[in-house]
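These protein sequence lines map, in sequence, to chains A and B.
Quick note: the first sequence uses our numbering, first residue 422, plus one each step.
Quick note: the second sequence uses our numbering, first residue 9, plus one each step.
Glycine is no exception: its CB is placed at the ideal position from the N, C-alpha and C atoms.
Single-structure report; data block below.
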Amino acid sequence: DTGVSQDPRHKITKRGQNVTFRCDPISEHNRLYWYRQTLGQGPEFLTYFQNEAQLEKSRLLSDRFSAERPKGSFSTLEIQRTEQGDSAMYLCASSPQQWLKKQFFGPGTRLTVL
Amino acid sequence: ELKVEQNPLFLSMQEGKNYTIYCNYSTTSDRLYWYRQDPGKSLESLFVLLSNGAVKQEGRLMASLDTKARLSTLHITAAVHDLSATYFCAVGTSQHYYNNNDMRFGAGTRLTVKP
Numbered sequence: 422d423t424g425v426s427q428d429p430r431h432k433i434t435k436r437g438q439n440v441t442f443r444c445d446p447i448s449e450h451n452r453l454y455w456y457r458q459t460l461g462q463g464p465e466f467l468t469y470f471q472n473e474a475q476l477e478k479s480r481l482l483s484d485r486f487s488a489e490r491p492k493g494s495f496s497t498l499e500i501q502r503t504e505q506g507d508s509a510m511y512l513c514a515s516s517p518q519q520w521l522k523k524q525f526f527g528p529g530t531r532l533t534v535l
Numbered sequence: 009e010l011k012v013e014q015n016p017l018f019l020s021m022q023e024g025k026n027y028t029i030y031c032n033y034s035t036t037s038d039r040l041y042w043y044r045q046d047p048g049k050s051l052e053s054l055f056v057l058l059s060n061g062a063v064k065q066e067g068r069l070m071a072s073l074d075t076k077a078r079l080s081t082l083h084i085t086a087a088v089h090d091l092s093a094t095y096f097c098a099v100g101t102s103q104h105y106y107n108n109n110d111m112r113f114g115a116g117t118r119l120t121v122k123p
C-alpha cells in the first residue's frame, strides 16, 4: 500500500504525559501537513513541511506541540504535558511539490487524554 | 477573521434525488477545496477550485465557485447510498498559495442517502 500511514492509530494517555505520533507520507511527496480534528468539526491546520523544512506553524499551536521531519521523509508530532483539551484526531496529509495539488490524508491517530 | 459556514449541517435524502450543499465564507478567497470523510475514516480530497466561475464534476458530484458571492456549492445528482458521508469545504485566504495558515474548514455536512 502506498498511501499515507500513521502510527499509532489510537493512543490513550494520562494528563501530563508526553506523546509522539508518526506519519509516513507517500514516498514521492515533498510536502507534509499535520491537522487536528475534534468531534463534529472540520480539521484545523497545525503545521506543514516542505522536505525537511518546517515552513509554517499555526498561530493556534502552543509551545507544547513540536513537529519534525528530519530527513524529509517521515514526520513526528510530539505533544508535551498533554491536557484533556488535546484529545482529538490528529491527521497527517501529504502532497506533491506543485502548489495546490490535492492533499492525501492518512487514517489519523486518535488521542484520548484522561 | 475568516469564517466558513456550511449548510445544511445534516442532510437526509432519498436515493435518486438531487440536492445542493452550500459553503459560504466571510473574506476574499481564490481557492476552495471540497473533501469527503466516511465515518471513522480520514479525508478524501474531491475538488480544488481556484477561480471565479470554476466548475468541476466527478461522477454524481459537481462543485462550483463564485468568488464574488463568496459561495461554493456541491451539487449531488441522483444520489446513491454510497455517497453517504460527511462533506467538508475548506477555504484559503492567504495572498500566497503556499500559505496554509489561513485555511479554514467548515463544520461539515453529514449526508445520509436512504434507499
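query: Please compile the residues from chain B whose C-beta is within a distance smaller than 7 Å of the C-beta of A/Q524.; result: S53
query: Exposed or buried, B/V63, counting other C-beta atoms within 10 Å across all chains shown (16 or more means buried)?; result: exposed
query: Give me, in chain order, the residues of the same chain whose beta-carbon lies closer than 8 Å to that of B/R68; leave out the 5 immediate sequence neighbours on both sides.; result: I84, T85, A86, A87, V88 and L91
query: Please return the same chain residues whose Cβ sits closer than 8 Å to the Cβ of A/K432, not counting the five positions on each side in sequence.; result: V440, F442, T530, R531, L532 and T533
query: Please confirm if the stretch 480-491 of chain A is in contact with the stretch 510-518 of chain A, defined as three or more CB-CB distances below 8 Å between the two stretches.; result: no
query: Cβ atoms of B/R112 and B/F18: under 8 Å apart, would you say?; result: no
query: Thinking C-beta only, is B/E13 closer than 8 Å to B/G114?; result: yes
query: If you measure between the beta carbons of B/A98 and B/R44, is that distance less than 8 Å?; result: no
query: Starting from B/G116, find everything on chain A with Cβ-Cβ shorter than 9 Å and list it in chain order.; result: G461, Q462 and G463
query: Taking only the alpha-carbon atoms, compute the straight-line gap between A/S487 and A/L453 and give it to the nearest angstrom.; result: 14 Å
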